[in-house]
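Below you'll find the structure, written out as structure tokens, and then a few comments.
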Amino acid sequence: QKEVEQNSGPLSVPEGAIASLNCTYSDRGSQSFFWYRQYSGKSPELIMFIYSNGDKEDGRFTAQLNKASQYVSLLIRDSQPSDSATYLCAVTFSGGYNKLIFGAGTRLAVHP
Amino acid sequence: DAGVIQSPRHEVTEMGQEVTLRCKPISGHDYLFWYRQTMMRGLELLIYFNNNVPIDDSGMPEDRFSAKMPNASFSTLKIQPSEPRDSAVYFCASSSSGGGNQPQHFGDGTRLSIL
Numbered sequence: 001q002k003e004v005e006q007n008s009g010p011l012s013v014p015e016g017a018i019a020s021l022n023c024t025y026s027d028r029g030s031q032s033f034f035w036y037r038q039y040s041g042k043s044p045e046l047i048m049f050i051y052s053n054g055d056k057e058d059g060r061f062t063a064q065l066n067k068a069s070q071y072v073s074l075l076i077r078d079s080q081p082s083d084s085a086t087y088l089c090a091v092t093f094s095g096g097y098n099k100l101i102f103g104a105g106t107r108l109a110v111h112p
Numbered sequence: 113d114a115g116v117i118q119s120p121r122h123e124v125t126e127m128g129q130e131v132t133l134r135c136k137p138i139s140g141h142d143y144l145f146w147y148r149q150t151m152m153r154g155l156e157l158l159i160y161f162n163n164n165v166p167i168d169d170s171g172m173p174e175d176r177f178s179a180k181m182p183n184a185s186f187s188t189l190k191i192q193p194s195e196p197r198d199s200a201v202y203f204c205a206s207s208s209s210g211g212g213n214q215p216q217h218f219g220d221g222t223r224l225s226i227l
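Chains A and B, in that order, are what the protein sequence lines are.
Going by the working numbering, the letters in the first sequence line up with residues 1 to 112, in that order.
Going by the working numbering, the letters in the second sequence line up with residues 113 to 227, in that order.
Structural data, given as structure tokens:
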């Protein structure tokens, strides 16, 4: 069974803090990893993607990948109330080219 | 650039009726995906196409669901007959190829309610 696991939250952080969102996956052969943000009643919106071990930074967002531990995370620095949303981790599995398996999502609440 | 376009945005219909959802992918994208999202099951892949050809329909829940992609700019997802448990938000997404697993871009979705 191909699985992507996320803590459902809510993860509550104060404005200006670092929010850390975590995701584990079951398939060691996974190659591509994506983070989507979904506001209530809206569609998933791509935040970042990462293919290689290590960190990838884009503005206030940093994706971290550790394939040995089958773990991917998203850090949001200087969190803002507008970052309050559900964050979906998505992973491609070996043999499923371009086919994404989504986690259930972590709800993030940034309070002023 | 225009994103993925879905129609209708909302659909309310009675059990037993046929429902047709429509999607126009981003121009130049050769992968198209249909997803269903519910509170209980999250975001589930139903079917995806590459170059208009269905590649994997293992997520289609049952024979009442069918999907077609007659050309590169249009796809439909049909439910016949519809049932209350089909109520969900249905998303269409598209991506390009290009030698790797490219990000998928989602449409605004169709919120379907079966009474």
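Here a beta-carbon is modelled for each residue, glycine too, at the ideal position from N, C-alpha and C.
Check: Quick one, are the C-beta atoms of Phe203/B and Ile191/B less than 7 angstroms apart?
Finding: Between Phe203/B and Ile191/B, the gap from beta carbon to beta carbon reaches 7 angstroms or more.
Whole-number beta carbon distance between Phe102/A and Leu155/B, since they are thought to touch under 8 angstroms:
Contact holds; Cβ gap of about 4 angstroms.
Among Leu227/B, Ser199/B and Gln216/B, whose alpha-carbon lies nearest the alpha-carbon of Arg148/B? Of Leu227/B, Ser199/B and Gln216/B, the residue nearest in Cα terms is Ser199/B.
So which residues on chain C does Pro10/A lean against when the C-beta distance must stay under 7 angstroms? Of the chains in the structure shown, none is chain C; the protein chains are A and B.
Interfacial residues, the stretch 18–46 of chain A to chain B, with Cβ spacing under 7 angstroms: Those would be Gln31, Ser32, Phe34, Ser43, Pro44 and Leu46, in chain order.
Item to complete: Let me know the secondary structure DSSP gives Ser225/B once reduced to three states.
Response: The answer is strand: DSSP assigns Ser225/B an E or B state.
| query | To which residues of the same chain is Leu12/A closer than 7 angstroms at the C-beta, ignoring the five residues directly before and after it? | reply | Before going on, a small fix: residue 12/A reads as Ser here, not Leu. If we look at Ser12/A and ignore the five residues flanking it on each side, its Cβ neighbours are Ala109 and His111.
* Pick helix, strand or coil for Pro81/A, following the three-state DSSP scheme. => Here Pro81/A sits in helix by DSSP.
Worksheet entry | Three CB pairs or more closer than 8 angstroms across the stretch 37–53 of chain A and the stretch 21–28 of chain A | Output reads no: the stretch 21–28 of chain A does not touch the stretch 37–53 of chain A.
Q: Can you tell me which of Arg197/B, Cys135/B and Ile117/B puts its alpha carbon nearest to the alpha carbon of Pro182/B?
A: Nearest option by C-alpha distance: Cys135/B.
Over what stretch of residues does the beta strand (DSSP E) that includes Asn22/A continue unbroken?
Where Asn22/A is concerned, the enclosing beta strand (DSSP E) stretches over Ala19 to Tyr25.
### Query
Taking the beta strand (DSSP E) that Phe49/A falls in, what are its first and last residues?
It spans Glu45 to Ile50 - the beta strand (DSSP E) in which Phe49/A sits, taken as one unbroken run.
Secondary structure of Arg121/B, DSSP reduced to three states = Reduced to three states, the DSSP call for Arg121/B is coil.
To test your reading of the DSSP string, which unbroken beta strand (DSSP E) runs of 3 or more residues are found completely within the stretch 114–179 of chain B? Correct list: 117–119, 122–125, 131–136, 143–150, 154–162 and 165–168.
- Query: Across which residues does DSSP place Lys42/A in a beta bridge pair?
  - Reply: Answer is none; Lys42/A lacks a bridge partner.
Out of curiosity, what's the CA-to-CA distance linking Met152/B and Asp55/A?
Rounded to whole angstroms, the gap between the alpha carbons of Met152/B and Asp55/A is 32 angstroms.
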